[in-house]
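For reference, the structure is listed below as C-alpha coordinates.
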Amino acid sequence: MNAFSEVDRRSEARSQRAEVGGQRSEIGGLKTGESGPPSSVTGCLTLRVALLTGGGDKPYALGMAEALTSVGIFVDFIGSDDLSVPEVVTNSRMNFLNLRGDQRPDVSPFAKAWRVLKYYVKLISYAATAQPKLFHLLWNNKFELFDRTVLMAYYKLLGKKIVFTAHNVNAGKRDLNDSWLNRLSLKIQYQLLDHIFVHTDAMKSELVSEFQIPERKVSVIPFGINNTVAKTTLSREEARQQLGIDPKDNTMLFFGNIAPYKGLEYLVDAFAQLVGRDRSYRLLIVGRPKGDVTYWRFVEEKMIAADVRDRVIQKIEYVPDEETELYFKAADVLVLPYTRVFQSGVLFLGYSFGLPAIAADVGNLREEIIEGETGFVFKPQDSSDLASKIEAYFNSELFSNLETHRAEIKAYANERYSWDRIAAIITAVYSALREHEGDRPVGEPSIKRVRR
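Going letter by letter, the sequence shown gives residues 1393 to 1844 in this note's numbering.
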(Lines of atoms letter the chains of each structure in order from A and count residues from 1; the text may use other names and numbers.)
(Lines give C-alpha, C1' and ligand atoms only; values in the text may rest on other atoms or scores of the structure.)
Protein backbone atom coordinates (compact mmCIF):
# COMPACT_ATOMS: atom_id res chain seq x y z
CA MET A 1 0.00 0.00 0.00
CA ASN A 2 1.19 3.53 -0.74
CA ALA A 3 1.95 6.17 1.87
CA PHE A 4 -1.67 7.35 1.89
CA SER A 5 -0.44 10.71 0.63
CA GLU A 6 -3.89 11.91 -0.41
CA VAL A 7 -5.22 11.30 3.08
CA ASP A 8 -2.24 13.17 4.51
CA ARG A 9 -3.19 16.20 2.42
CA ARG A 10 -6.83 16.08 3.50
CA SER A 11 -5.88 15.73 7.15
CA GLU A 12 -3.60 18.74 7.13
CA ALA A 13 -6.39 20.83 5.62
CA ARG A 14 -8.84 19.56 8.20
CA SER A 15 -6.42 20.33 11.05
CA GLN A 16 -6.09 23.91 9.83
CA ARG A 17 -9.88 24.28 9.79
CA ALA A 18 -10.04 22.99 13.36
CA GLU A 19 -8.37 26.09 14.77
CA VAL A 20 -11.15 28.20 16.24
CA GLY A 21 -11.04 31.72 14.85
CA GLY A 22 -7.41 31.19 13.91
CA GLN A 23 -6.45 31.08 17.57
CA ARG A 24 -4.61 28.26 19.35
CA SER A 25 -6.20 27.35 22.67
CA GLU A 26 -4.25 25.62 25.40
CA ILE A 27 -6.32 22.85 27.00
CA GLY A 28 -4.86 20.65 29.68
CA GLY A 29 -1.30 21.07 28.43
CA LEU A 30 -2.06 20.42 24.73
CA LYS A 31 -2.50 23.06 22.07
CA THR A 32 -4.84 22.89 19.14
CA GLY A 33 -2.75 21.52 16.30
CA GLU A 34 -0.49 19.48 18.57
CA SER A 35 -0.57 15.81 19.39
CA GLY A 36 0.61 14.10 22.53
CA PRO A 37 0.06 11.15 24.79
CA PRO A 38 -3.52 10.93 26.06
CA SER A 39 -2.37 10.91 29.67
CA SER A 40 -0.98 14.41 29.29
CA VAL A 41 -4.48 15.78 28.86
CA THR A 42 -5.75 14.92 32.31
CA GLY A 43 -2.49 15.54 34.11
CA CYS A 44 -2.93 15.16 37.86
CA LEU A 45 -6.67 15.80 37.73
CA THR A 46 -8.97 12.97 38.75
CA LEU A 47 -12.04 13.02 36.55
CA ARG A 48 -15.22 11.06 37.13
CA VAL A 49 -17.76 10.90 34.33
CA ALA A 50 -21.17 9.29 33.89
CA LEU A 51 -21.29 7.68 30.44
CA LEU A 52 -24.91 7.17 29.38
CA THR A 53 -25.19 4.81 26.42
CA GLY A 54 -28.90 5.27 25.67
CA GLY A 55 -29.04 1.78 24.18
CA GLY A 56 -26.97 2.73 21.14
CA ASP A 57 -24.12 1.01 19.30
CA LYS A 58 -22.55 -1.52 21.70
CA PRO A 59 -19.05 -1.57 20.13
CA TYR A 60 -18.91 2.24 20.11
CA ALA A 61 -20.00 2.46 23.75
CA LEU A 62 -17.44 -0.15 24.84
CA GLY A 63 -14.68 1.53 22.85
CA MET A 64 -15.45 4.90 24.42
CA ALA A 65 -15.64 3.54 27.98
CA GLU A 66 -12.38 1.62 27.69
CA ALA A 67 -10.59 4.58 26.10
CA LEU A 68 -11.63 6.94 28.89
CA THR A 69 -10.60 4.57 31.68
CA SER A 70 -7.28 3.90 29.94
CA VAL A 71 -6.29 7.56 30.48
CA GLY A 72 -7.22 7.49 34.16
CA ILE A 73 -10.84 8.67 34.10
CA PHE A 74 -13.30 6.95 36.43
CA VAL A 75 -16.50 6.08 34.59
CA ASP A 76 -20.02 5.33 35.78
CA PHE A 77 -21.04 3.21 32.78
CA ILE A 78 -24.83 3.20 32.36
CA GLY A 79 -25.96 0.30 30.21
CA SER A 80 -27.84 -2.97 29.77
CA ASP A 81 -27.21 -6.71 29.93
CA ASP A 82 -25.46 -6.49 26.55
CA LEU A 83 -22.70 -4.36 28.06
CA SER A 84 -22.08 -6.62 31.05
CA VAL A 85 -18.94 -8.14 29.55
CA PRO A 86 -15.66 -9.13 31.27
CA GLU A 87 -13.72 -6.07 30.09
CA VAL A 88 -16.34 -3.89 31.79
CA VAL A 89 -17.06 -5.72 35.04
CA THR A 90 -13.36 -6.35 35.76
CA ASN A 91 -12.22 -2.78 35.03
CA SER A 92 -11.30 -1.12 38.33
CA ARG A 93 -11.97 2.36 36.91
CA MET A 94 -15.42 1.43 35.63
CA ASN A 95 -18.54 1.34 37.78
CA PHE A 96 -21.03 -0.58 35.65
CA LEU A 97 -24.66 0.30 36.39
CA ASN A 98 -27.06 -2.01 34.58
CA LEU A 99 -30.08 0.31 34.64
CA ARG A 100 -31.51 -0.90 31.34
CA GLY A 101 -31.42 -4.63 32.09
CA ASP A 102 -32.63 -7.20 29.56
CA GLN A 103 -33.22 -5.70 26.11
CA ARG A 104 -34.38 -8.77 24.19
CA PRO A 105 -36.69 -7.80 21.30
CA ASP A 106 -38.84 -10.96 21.52
CA VAL A 107 -41.13 -9.75 24.33
CA SER A 108 -44.65 -8.34 24.38
CA PRO A 109 -45.33 -4.61 23.82
CA PHE A 110 -46.45 -4.37 27.45
CA ALA A 111 -43.16 -5.87 28.66
CA LYS A 112 -41.20 -3.42 26.48
CA ALA A 113 -43.18 -0.45 27.82
CA TRP A 114 -42.72 -1.61 31.41
CA ARG A 115 -38.96 -2.01 31.14
CA VAL A 116 -38.63 1.43 29.50
CA LEU A 117 -40.62 2.99 32.34
CA LYS A 118 -38.49 1.21 34.95
CA TYR A 119 -35.35 2.39 33.23
CA TYR A 120 -36.41 6.04 33.29
CA VAL A 121 -37.29 5.79 36.99
CA LYS A 122 -33.87 4.29 37.74
CA LEU A 123 -32.10 6.88 35.58
CA ILE A 124 -33.84 9.82 37.24
CA SER A 125 -33.04 8.38 40.67
CA TYR A 126 -29.41 7.79 39.73
CA ALA A 127 -28.94 11.34 38.43
CA ALA A 128 -30.22 12.81 41.70
CA THR A 129 -27.51 11.08 43.75
CA ALA A 130 -24.74 10.51 41.19
CA GLN A 131 -21.22 11.42 42.22
CA PRO A 132 -20.07 12.50 38.72
CA LYS A 133 -20.79 16.13 37.94
CA LEU A 134 -20.15 15.52 34.25
CA PHE A 135 -22.63 13.50 32.17
CA HIS A 136 -21.62 12.31 28.69
CA LEU A 137 -24.60 11.19 26.60
CA LEU A 138 -23.66 8.87 23.73
CA TRP A 139 -27.26 8.62 22.50
CA ASN A 140 -30.66 9.73 23.68
CA ASN A 141 -33.02 7.14 25.12
CA LYS A 142 -36.29 5.72 23.76
CA PHE A 143 -38.42 8.87 24.14
CA GLU A 144 -36.25 11.44 22.43
CA LEU A 145 -38.59 14.41 22.87
CA PHE A 146 -38.61 13.80 26.63
CA ASP A 147 -34.84 13.31 26.71
CA ARG A 148 -34.10 16.47 24.75
CA THR A 149 -36.28 18.70 26.91
CA VAL A 150 -37.45 17.49 30.33
CA LEU A 151 -34.52 15.18 31.08
CA MET A 152 -31.98 17.76 29.90
CA ALA A 153 -33.56 20.44 32.09
CA TYR A 154 -33.54 18.01 35.02
CA TYR A 155 -29.82 17.33 34.63
CA LYS A 156 -29.09 21.06 34.47
CA LEU A 157 -31.16 21.72 37.60
CA LEU A 158 -29.00 19.14 39.35
CA GLY A 159 -25.95 21.19 38.38
CA LYS A 160 -24.54 18.68 35.90
CA LYS A 161 -22.23 19.57 33.05
CA ILE A 162 -23.52 17.74 29.97
CA VAL A 163 -21.69 16.73 26.83
CA PHE A 164 -23.26 14.83 23.95
CA THR A 165 -21.99 12.84 21.00
CA ALA A 166 -24.26 13.74 18.08
CA HIS A 167 -24.02 10.87 15.60
CA ASN A 168 -26.61 12.68 13.46
CA VAL A 169 -27.35 16.39 13.73
CA ASN A 170 -30.98 15.87 12.67
CA ALA A 171 -31.93 12.26 11.90
CA GLY A 172 -35.47 13.39 11.08
CA LYS A 173 -34.16 15.46 8.18
CA ARG A 174 -32.10 12.51 6.95
CA ASP A 175 -35.08 10.14 7.19
CA LEU A 176 -37.43 12.64 5.48
CA ASN A 177 -39.75 12.85 8.50
CA ASP A 178 -38.60 16.15 9.99
CA SER A 179 -41.08 18.41 11.82
CA TRP A 180 -41.16 21.69 13.70
CA LEU A 181 -41.48 19.78 16.98
CA ASN A 182 -38.46 17.63 16.17
CA ARG A 183 -36.37 20.69 15.30
CA LEU A 184 -37.55 22.60 18.37
CA SER A 185 -36.65 19.75 20.72
CA LEU A 186 -33.25 19.38 19.05
CA LYS A 187 -32.57 23.10 19.41
CA ILE A 188 -33.50 22.98 23.10
CA GLN A 189 -31.13 20.09 23.72
CA TYR A 190 -28.26 21.58 21.74
CA GLN A 191 -28.62 24.93 23.51
CA LEU A 192 -28.63 23.28 26.97
CA LEU A 193 -25.54 21.17 26.31
CA ASP A 194 -22.15 22.34 27.55
CA HIS A 195 -20.31 20.69 24.68
CA ILE A 196 -21.07 18.60 21.60
CA PHE A 197 -18.91 16.04 19.82
CA VAL A 198 -19.52 15.27 16.15
CA HIS A 199 -17.72 13.08 13.63
CA THR A 200 -17.32 15.40 10.63
CA ASP A 201 -16.70 19.05 9.79
CA ALA A 202 -20.00 19.10 7.87
CA MET A 203 -21.89 18.10 11.01
CA LYS A 204 -20.23 20.91 12.93
CA SER A 205 -21.17 23.39 10.21
CA GLU A 206 -24.80 22.25 10.30
CA LEU A 207 -24.97 22.64 14.08
CA VAL A 208 -23.58 26.16 13.81
CA SER A 209 -25.71 27.30 10.87
CA GLU A 210 -29.05 25.56 11.52
CA PHE A 211 -29.15 25.49 15.32
CA GLN A 212 -27.05 28.59 16.09
CA ILE A 213 -24.58 26.67 18.25
CA PRO A 214 -21.32 28.57 18.94
CA GLU A 215 -18.32 26.95 17.26
CA ARG A 216 -16.49 26.80 20.58
CA LYS A 217 -19.10 24.34 21.87
CA VAL A 218 -18.45 21.77 19.13
CA SER A 219 -15.47 19.43 18.67
CA VAL A 220 -14.89 17.06 15.78
CA ILE A 221 -13.70 13.57 16.72
CA PRO A 222 -13.05 10.56 14.48
CA PHE A 223 -15.39 7.58 14.59
CA GLY A 224 -13.51 5.06 16.72
CA ILE A 225 -12.51 1.78 15.13
CA ASN A 226 -14.66 -1.20 16.13
CA ASN A 227 -12.38 -3.67 17.91
CA THR A 228 -14.96 -5.35 20.13
CA VAL A 229 -16.58 -7.60 17.51
CA ALA A 230 -15.04 -11.07 17.75
CA LYS A 231 -12.32 -11.88 15.23
CA THR A 232 -11.37 -15.56 15.24
CA THR A 233 -9.25 -17.69 12.94
CA LEU A 234 -12.26 -18.21 10.65
CA SER A 235 -10.99 -18.12 7.06
CA ARG A 236 -12.62 -16.74 3.94
CA GLU A 237 -13.06 -20.26 2.61
CA GLU A 238 -14.69 -21.50 5.83
CA ALA A 239 -17.04 -18.50 5.96
CA ARG A 240 -18.10 -19.06 2.36
CA GLN A 241 -18.65 -22.74 2.95
CA GLN A 242 -21.00 -21.95 5.85
CA LEU A 243 -22.98 -19.54 3.66
CA GLY A 244 -22.97 -21.67 0.53
CA ILE A 245 -20.93 -19.23 -1.56
CA ASP A 246 -18.63 -20.51 -4.29
CA PRO A 247 -14.96 -19.62 -3.61
CA LYS A 248 -14.75 -17.95 -7.04
CA ASP A 249 -17.86 -15.78 -6.68
CA ASN A 250 -17.36 -12.00 -6.61
CA THR A 251 -19.20 -11.30 -3.38
CA MET A 252 -20.49 -7.93 -2.17
CA LEU A 253 -21.87 -7.15 1.29
CA PHE A 254 -24.60 -4.72 2.37
CA PHE A 255 -24.70 -4.68 6.18
CA GLY A 256 -26.79 -2.82 8.76
CA ASN A 257 -30.22 -1.28 9.18
CA ILE A 258 -32.38 -1.30 6.05
CA ALA A 259 -33.92 2.16 5.55
CA PRO A 260 -34.67 4.47 2.60
CA TYR A 261 -31.60 6.65 3.17
CA LYS A 262 -29.38 3.57 2.79
CA GLY A 263 -30.11 3.47 -0.98
CA LEU A 264 -30.26 -0.32 -1.20
CA GLU A 265 -32.42 -0.13 -4.33
CA TYR A 266 -29.48 1.42 -6.23
CA LEU A 267 -27.27 -1.48 -5.23
CA VAL A 268 -29.93 -3.95 -6.39
CA ASP A 269 -30.17 -2.15 -9.76
CA ALA A 270 -26.38 -2.17 -10.15
CA PHE A 271 -26.24 -5.82 -9.13
CA ALA A 272 -28.85 -6.71 -11.76
CA GLN A 273 -26.71 -5.01 -14.42
CA LEU A 274 -23.65 -6.99 -13.34
CA VAL A 275 -25.43 -10.35 -13.11
CA GLY A 276 -26.84 -9.76 -16.59
CA ARG A 277 -23.26 -9.81 -17.87
CA ASP A 278 -21.63 -12.22 -15.42
CA ARG A 279 -23.38 -14.76 -13.16
CA SER A 280 -20.37 -15.02 -10.84
CA TYR A 281 -21.52 -11.99 -8.84
CA ARG A 282 -23.13 -12.59 -5.44
CA LEU A 283 -24.77 -10.17 -3.01
CA LEU A 284 -25.10 -10.54 0.76
CA ILE A 285 -27.84 -8.42 2.38
CA VAL A 286 -27.51 -8.61 6.16
CA GLY A 287 -29.58 -6.49 8.54
CA ARG A 288 -33.11 -5.68 9.56
CA PRO A 289 -35.63 -3.08 8.41
CA LYS A 290 -35.61 0.12 10.42
CA GLY A 291 -39.20 0.95 11.38
CA ASP A 292 -41.84 -0.62 9.16
CA VAL A 293 -41.05 -3.08 6.38
CA THR A 294 -42.48 -1.02 3.49
CA TYR A 295 -39.08 -0.05 2.12
CA TRP A 296 -37.72 -3.58 2.41
CA ARG A 297 -40.75 -4.92 0.52
CA PHE A 298 -39.99 -2.39 -2.22
CA VAL A 299 -36.40 -3.65 -2.45
CA GLU A 300 -37.58 -7.27 -2.54
CA GLU A 301 -39.91 -6.49 -5.42
CA LYS A 302 -37.01 -4.97 -7.36
CA MET A 303 -34.97 -8.15 -6.87
CA ILE A 304 -37.87 -10.29 -8.07
CA ALA A 305 -38.49 -8.06 -11.11
CA ALA A 306 -34.78 -8.18 -12.02
CA ASP A 307 -34.70 -11.97 -11.55
CA VAL A 308 -31.61 -11.88 -9.29
CA ARG A 309 -32.93 -13.34 -6.04
CA ASP A 310 -31.14 -16.62 -6.67
CA ARG A 311 -27.83 -14.70 -6.54
CA VAL A 312 -28.70 -12.90 -3.28
CA ILE A 313 -28.20 -14.31 0.22
CA GLN A 314 -30.48 -12.58 2.73
CA LYS A 315 -30.22 -12.42 6.51
CA ILE A 316 -33.05 -10.01 7.29
CA GLU A 317 -32.83 -9.85 11.06
CA TYR A 318 -30.67 -8.50 13.84
CA VAL A 319 -27.20 -10.05 13.70
CA PRO A 320 -25.43 -10.38 17.07
CA ASP A 321 -21.76 -9.43 17.37
CA GLU A 322 -20.61 -13.03 17.52
CA GLU A 323 -22.06 -13.71 14.04
CA THR A 324 -20.85 -10.52 12.36
CA GLU A 325 -17.44 -11.92 11.48
CA LEU A 326 -18.98 -14.60 9.24
CA TYR A 327 -20.31 -12.07 6.73
CA PHE A 328 -17.31 -9.72 6.69
CA LYS A 329 -14.92 -12.65 6.22
CA ALA A 330 -17.02 -14.14 3.38
CA ALA A 331 -17.30 -10.86 1.44
CA ASP A 332 -14.83 -9.41 -1.06
CA VAL A 333 -16.05 -5.83 -0.67
CA LEU A 334 -18.47 -3.77 1.41
CA VAL A 335 -20.94 -1.56 -0.49
CA LEU A 336 -22.43 1.62 1.03
CA PRO A 337 -24.98 2.95 -1.50
CA TYR A 338 -26.29 5.63 0.87
CA THR A 339 -28.21 8.69 -0.31
CA ARG A 340 -28.13 10.87 2.84
CA VAL A 341 -25.61 10.37 5.62
CA PHE A 342 -22.79 12.23 7.35
CA GLN A 343 -20.79 9.19 8.42
CA SER A 344 -21.11 5.41 8.63
CA GLY A 345 -20.13 3.14 11.49
CA VAL A 346 -20.48 0.21 9.08
CA LEU A 347 -17.54 1.54 7.06
CA PHE A 348 -15.29 1.42 10.13
CA LEU A 349 -16.61 -2.00 11.09
CA GLY A 350 -15.56 -3.15 7.63
CA TYR A 351 -12.14 -1.53 8.03
CA SER A 352 -11.67 -3.40 11.32
CA PHE A 353 -11.88 -6.59 9.24
CA GLY A 354 -9.65 -5.08 6.55
CA LEU A 355 -12.52 -5.10 4.06
CA PRO A 356 -12.37 -2.52 1.24
CA ALA A 357 -15.50 -0.44 0.60
CA ILE A 358 -17.32 1.04 -2.37
CA ALA A 359 -19.31 4.04 -1.13
CA ALA A 360 -21.54 6.78 -2.48
CA ASP A 361 -20.00 10.25 -2.51
CA VAL A 362 -22.20 11.61 0.28
CA GLY A 363 -21.37 13.16 3.64
CA ASN A 364 -17.82 12.47 4.72
CA LEU A 365 -17.46 9.07 3.04
CA ARG A 366 -15.10 10.32 0.31
CA GLU A 367 -12.79 11.66 3.02
CA GLU A 368 -12.58 8.22 4.62
CA ILE A 369 -11.83 6.20 1.47
CA ILE A 370 -8.52 6.22 -0.37
CA GLU A 371 -9.35 5.49 -4.01
CA GLY A 372 -7.74 2.27 -5.16
CA GLU A 373 -6.22 1.55 -1.73
CA THR A 374 -9.10 1.17 0.71
CA GLY A 375 -11.92 1.24 -1.83
CA PHE A 376 -13.73 3.31 -4.45
CA VAL A 377 -16.32 6.12 -4.51
CA PHE A 378 -19.28 6.41 -6.90
CA LYS A 379 -21.88 9.02 -7.82
CA PRO A 380 -24.85 8.99 -5.40
CA GLN A 381 -28.10 7.46 -6.68
CA ASP A 382 -26.39 6.34 -9.90
CA SER A 383 -26.72 2.58 -10.39
CA SER A 384 -24.71 2.57 -13.61
CA ASP A 385 -21.76 4.33 -12.00
CA LEU A 386 -21.97 1.96 -9.04
CA ALA A 387 -21.91 -1.05 -11.38
CA SER A 388 -18.90 0.46 -13.16
CA LYS A 389 -17.01 0.97 -9.87
CA ILE A 390 -17.81 -2.57 -8.74
CA GLU A 391 -16.36 -3.93 -11.99
CA ALA A 392 -13.34 -1.65 -11.60
CA TYR A 393 -12.78 -2.98 -8.09
CA PHE A 394 -12.88 -6.64 -9.13
CA ASN A 395 -10.39 -5.85 -11.93
CA SER A 396 -8.07 -3.89 -9.64
CA GLU A 397 -4.82 -4.78 -7.90
CA LEU A 398 -6.60 -4.10 -4.61
CA PHE A 399 -8.81 -7.14 -5.21
CA SER A 400 -6.20 -9.35 -6.87
CA ASN A 401 -4.00 -9.05 -3.74
CA LEU A 402 -6.89 -8.76 -1.29
CA GLU A 403 -5.46 -10.77 1.61
CA THR A 404 -2.33 -8.61 1.70
CA HIS A 405 -4.34 -5.41 1.48
CA ARG A 406 -6.80 -6.54 4.17
CA ALA A 407 -3.94 -6.73 6.66
CA GLU A 408 -2.73 -3.27 5.60
CA ILE A 409 -6.20 -1.73 5.85
CA LYS A 410 -6.65 -3.13 9.37
CA ALA A 411 -3.31 -1.72 10.52
CA TYR A 412 -4.03 1.66 8.92
CA ALA A 413 -7.51 1.91 10.43
CA ASN A 414 -6.37 0.88 13.90
CA GLU A 415 -3.94 3.77 13.89
CA ARG A 416 -5.98 6.47 12.17
CA TYR A 417 -9.18 5.79 14.13
CA SER A 418 -7.50 4.90 17.40
CA TRP A 419 -9.59 5.35 20.53
CA ASP A 420 -6.48 6.70 22.28
CA ARG A 421 -6.49 9.67 19.91
CA ILE A 422 -10.19 10.22 20.48
CA ALA A 423 -9.70 10.07 24.25
CA ALA A 424 -7.09 12.86 24.01
CA ILE A 425 -9.64 15.23 22.48
CA ILE A 426 -12.49 14.27 24.78
CA THR A 427 -10.53 14.45 28.02
CA ALA A 428 -9.22 17.90 27.05
CA VAL A 429 -12.83 19.08 26.83
CA TYR A 430 -13.74 17.33 30.08
CA SER A 431 -10.86 19.05 31.87
CA ALA A 432 -11.79 22.46 30.49
CA LEU A 433 -15.39 22.05 31.67
CA ARG A 434 -14.24 20.91 35.09
CA GLU A 435 -12.00 23.93 35.41
CA HIS A 436 -15.02 26.22 34.75
CA GLU A 437 -13.40 28.00 31.82
CA GLY A 438 -16.65 29.75 31.06
CA ASP A 439 -16.76 31.38 27.64
CA ARG A 440 -13.15 30.71 26.79
CA PRO A 441 -13.05 28.67 23.56
CA VAL A 442 -12.77 24.97 24.23
CA GLY A 443 -10.38 23.71 21.58
CA GLU A 444 -9.36 20.17 20.84
CA PRO A 445 -6.04 18.64 19.87
CA SER A 446 -6.19 17.99 16.14
CA ILE A 447 -5.43 14.50 14.92
CA LYS A 448 -2.41 14.59 12.69
CA ARG A 449 -2.43 12.11 9.85
CA VAL A 450 -0.65 8.87 10.47
CA ARG A 451 2.15 8.75 7.93
CA ARG A 452 3.10 5.28 6.84
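All residues carry an ideal CB built from backbone N, CA and C; glycine is no exception.
Here the structure is a predicted model, which means the values were calculated and not measured.
Assign residue i to buried or exposed, taking buried as 16 or more other Cβ atoms, counted over all protein chains shown, within 10 Å of its Cβ.
i	result
V1612	buried
I1762	buried
A1824	buried
K1721	buried
Q1735	buried
S1775	buried
D1539	buried
Y1809	buried
Y1582	buried
Y1710	exposed
R1669	exposed
W1572	exposed
P1772	buried
A1799	exposed
T1521	exposed
P1497	exposed
P1478	exposed
R1689	exposed
F1745	buried
N1533	buried
R1671	exposed
T1716	buried
K1640	exposed
F1535	exposed
V1499	exposed
What is the residue span of the beta strand (DSSP E) that residue i lies within?
i	result
I1705	V1704 to K1707
G1767	G1767 to F1770
K1525	Premise fails: K1525 is in no beta strand (DSSP E) and is neither H nor E.
S1611	V1610 to V1612
A1442	R1440 to L1444
F1589	H1587 to V1590
V1727	V1725 to L1728
Taking the CB atoms as reference points, tell me whether residue i and residue j lie closer together than 9 angstroms.
i	j	result
T1624	V1725	no
K1707	G1679	yes
R1440	V1467	yes
A1698	F1663	yes
R1485	Q1495	no
L1584	K1548	yes
L1635	S1577	no
P1451	T1686	no
I1470	T1445	yes
D1812	A1459	yes
T1557	L1515	no
I1696	V1727	no
I1650	L1659	no
V1555	M1595	no
T1819	V1480	no
I1814	M1456	yes
A1622	E1714	yes
A1519	K1552	yes
L1790	G1767	yes
A1784	L1718	no
Looking at the secondary structure, which residues open and close the alpha helix (DSSP H) in which residue i lies?
i	result
K1579	W1572 to L1584
S1810	Counting along the chain, S1810 falls outside any alpha helix (DSSP H), and DSSP gives it neither H nor E.
R1566	A1563 to R1566
F1720	D1713 to A1722
V1600	D1593 to F1603
Could you check whether the Cβ of residue i sits closer than 8 angstroms to any heavy atom belonging to the ligand ADP?
i	result
H1591	What this structure holds is no ligand at all, so the ligand ADP is not there to describe.
My assumption, with CB atoms under 8 angstroms, is that residue i sits in contact with residue j. Please give the rounded CB distance.
i	j	result
Y1743	I1617	7 angstroms
V1704	L1675	5 angstroms
A1442	H1528	7 angstroms
V1769	L1757	7 angstroms
V1738	H1587	Actually they are not in contact, since the Cβ atoms of V1738 and H1587 sit about 27 angstroms apart, beyond 8 angstroms.
T1541	I1580	5 angstroms
L1747	A1723	6 angstroms
G1764	S1788	7 angstroms
V1733	Y1653	6 angstroms
Residue i CB to nearest chain D CB: under 9 angstroms?
i	result
E1760	Absent from the structure is chain D; it holds one protein chain and no more.
Problem set entry | Within the region 1449-1517, ranges of the beta strand (DSSP E) (whole runs, at least 3 residues) | 1466-1472 and 1486-1493
For this session: Just list the alpha helix (DSSP H) runs in the region 1615-1689, keeping only unbroken ones of 4 residues or longer that don't cross its boundaries, in chain order.
Result: 1628-1635 and 1656-1669
Problem set entry | Within the region 1743-1797, ranges of the beta strand (DSSP E) (whole runs, at least 3 residues) | 1749-1752 and 1767-1770
For this session: Enumerate, from N- to C-terminal direction, the unbroken beta strand (DSSP E) stretches of 3 or more residues contained entirely within the region 1519-1553.
Result: 1526-1529
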